[in-house]
Amino acid sequence: MKKVLLVVIGSIWFFACDKNETAAEITVADSETIKSTMVSGQWRVSYYVDSDKDETSDYAGYSFTFNADGVLSTTDGNSSLSGAWSVTDSSSSDNNDNKSDVDFNIIFNGSDLFEELSDDWEIVNYSETEIELVDDSGGNGTTDYLTFVKM
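Residue 32 is where the sequence shown starts when you use our numbering, and the numbers rise one by one after that.
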């Protein structure tokens with residue numbers, strides 16, 4: 032009986048733990064660090080899932096440069112495209128206290144492939160060599176994921 036009770040209590044404890052625990056919450060105070068990290072070098076897409084479909088390979092061979100003036104450029108060595116990027120405080124527009132109040136904004140026009148990346152992404156995690164972004168898609172209930180790694 033003691034073993035059964037121990038298994039039941041252990042199971043309750045195990046399943047009660049939050050599986051979605053992430054790194055420390057990204058705050059507005061992190062914005063400048065994120066900006067300075069992104070402008071220091073070239074980046075590539077290491078992971079991109081759009082509406083539950085892995086589309087990472089669509090961006091293979093492309094490098095991304097985030098400039099301090101807000102210009103975002105990408106090239107595959109043959110063709111290039113410019114857009115815009117920013118890191119903004121979204122606390123006034125986000126009533127969900129469970130999410131970061133810092134958005135990573137990407138804007139591309141004129142290319143269907145890169146317009147896919149255009150959004151106000153939530154920053155999940157970042158380091159000097161990687162930034163992980165998520166976006167809850169409107170309407171279809173899926174979550175999109177985008178990760179850049181430094182080249």
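Even glycine gets a Cβ: it sits at the ideal position worked out from N, Cα and C.
- For the pair residue 139 and residue 146, the CB atoms are nearer than the 9 Å cut-off.
- Under the DSSP assignment, residue 67 falls in the alpha helix (DSSP H) whose first and last residues are 62–69.
- Under DSSP, the beta-bridge partners assigned to residue 136 are 117, 151.
- In the three-state reduction of the DSSP assignment, residue 146 falls in the helix class, which pools H, G and I.
- For residue 175, the enclosing beta strand (DSSP E) starts and ends at 174–181.
- In this structure, the alpha-carbon of residue 97 lies about 7 Å from that of residue 104.
- Residue state for residue 89 is assigned as helix, using DSSP reduced to three classes.
- Taking all protein chains shown into account, residue 155 has 16 or more neighbouring C-beta atoms within 10 Å of its C-beta and is therefore buried.
- The C-alpha of residue 176 lies about 22 Å from the C-alpha of residue 141.
- The secondary-structure analysis by DSSP pairs residue 161 across a beta bridge with 180.
- Burial state of residue 163 is buried, judged by a 10 Å Cβ sphere holding 16 or more other Cβ atoms.
- Put simply, of 161, 165, 159, 160 the residue whose alpha carbon is nearest the alpha carbon of residue 150 is 165.
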